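Contents: one structure, followed by commentary.
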Amino acid sequence: MPSIDLSDRMKKYRFQQLKKVIPSAFHGDDEADPWNNIKSILDGFNDKRATKIAASYCKVHDESMSAFKPRTTKTGGLPFLSFILRKPKPIGTEFKATACTETGKCFVYDIINRST
């Protein structure tokens, strides 16, 4: 297999660092939580944004949808699928998001119907 040079995008040492931690990103502490595999990613994102990004006092709360089309089973292995008719692609995972009105950056994401 030919080697691919991605050094203009990412240094090799950084790739090696990411390669070591990616498996631990999909791990949580609560085995009863069906969203356990991605909870640490979501919580880490929210914690990092809360401590590292400055926002205006004015924020907006909204919802977002990650479209999903199950292929082999009714839910495609997801613990919960939302059906929201008003969305362009109505089946998927619904998120609640909080964003800064000045910068447009999202600060908080939460999965709807996640047990926490």
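One gets the numbering used here by counting positions in the sequence shown from 1 and adding 1243 to each. Cβ atoms here follow ideal geometry from the backbone N, Cα and C, with glycine treated the same way. Predicted, not measured: the structure shown is a model, and the values here were computed from it.
Quick one, which of D1248, P1266, G1347, T1294 has its alpha-carbon nearest H1304's?
G1347
Assuming L1289 contacts V1351 (C-beta within less than 8 Å), just tell me the rounded distance between them.
It is worth fixing the name first, because residue 1289 is Asn in this sequence and not Leu. Contact flag correct, Cβ pair sits at about 5 Å.
Which ranges would you report for the alpha helix (DSSP H) in the segment 1258-1326 if only whole runs of at least 4 residues count?
1279-1295
Quickly, what does DSSP pair K1339 with across the bridge? List them, please.
E1306, D1353
Here's the rule I'm using: 16 or more other beta-carbon atoms within 10 Å means buried, otherwise exposed. How should C1349 be labelled?
buried
Under 8 Å, with one C-beta from each stretch per pair, do the segment 1293-1313 and the segment 1265-1281 reach the 3-pair mark?
The segment 1293-1313 vs the segment 1265-1281: no contact.
Buried/exposed call for S1222, threshold 16 Cβ in 10 Å:
Past the boundaries of the shown model lies residue 1222; the chain is included only from 1244 to 1359, so the question cannot be answered.
If the criterion is Cβ atoms closer than 7 Å, does the pair E1337 and S1299 meet it?
no
Answer yes or no: do S1307 and G1335 have a C-beta to C-beta separation smaller than 7 Å?
no
Does the Cβ of K1282 have 16 or more other Cβ atoms within 10 Å, making it buried, or fewer, making it exposed?
buried
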